[in-house]
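The working numbering applies: residue 2 is where the sequence shown begins, and numbers increase by one. Just so you know, even glycine gets a beta-carbon here, dropped at the ideal spot from N, CA and C. Remember, predicted model here, so these are calculated numbers, not experimental data. First the structure, in the form of structure tokens, and then the observations on it.
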Amino acid sequence: MCEDDLSVLLDGMVVSIQLVQERFSKIQEADDFVGSSEGVTLLDAISMRLQVIGELVKQIHQIAPNYLAAYKEIDWNKIARFRDFVSHHYEQIDYEIVYDICKNHIPKLYQVVQKMRHT
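Written out as structure tokens, the structure reads:
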């Protein structure tokens, strides 16, 4: 495993997570994603960043297959599968699931990725 490659991928995850958090700060409830043109734009932007996060997880797994297993508090496979869903079934994205991810899972992911960067 190349530490530099891993560092770049983790840094990319942090950037995407921060963008998700910034954009999600304008959303108060799930229906805000579909209640206005701005909400739909935010849903699109956040979904794209969630896709990027999933792609980065896949790339980390490729260069260091056992690395993510050390951080069991995150379901890395679920993140990668969501990336695949966004990539191949974008029109079927459920805004309530995106809301749940942003509200209940992104904060923990951010904490864990920050820990990974400093380990």
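Excluding its 5 nearest sequence neighbours in each direction, I102 has C-beta neighbours in its own chain below 8 Å: L51 and F83, listed in chain order.
Distance between Q93 and Q115, taken at the CA atoms: about 31 Å. Rounded to whole angstroms, the Cβ separation of I28 and L43 is 6 Å, and the two are in contact under 8 Å. Within the same chain, and ignoring the five residues on either side of I18 in sequence, the residues whose Cβ sits closer than 7 Å to its Cβ are I54, I107, L110, Y111 and V114.
In the structure shown, D101 adopts helical secondary structure according to DSSP, grouped into three states.
Your pair V99 and S37 does not check out as a contact, with CB atoms roughly 16 Å apart and the cut at 8 Å.
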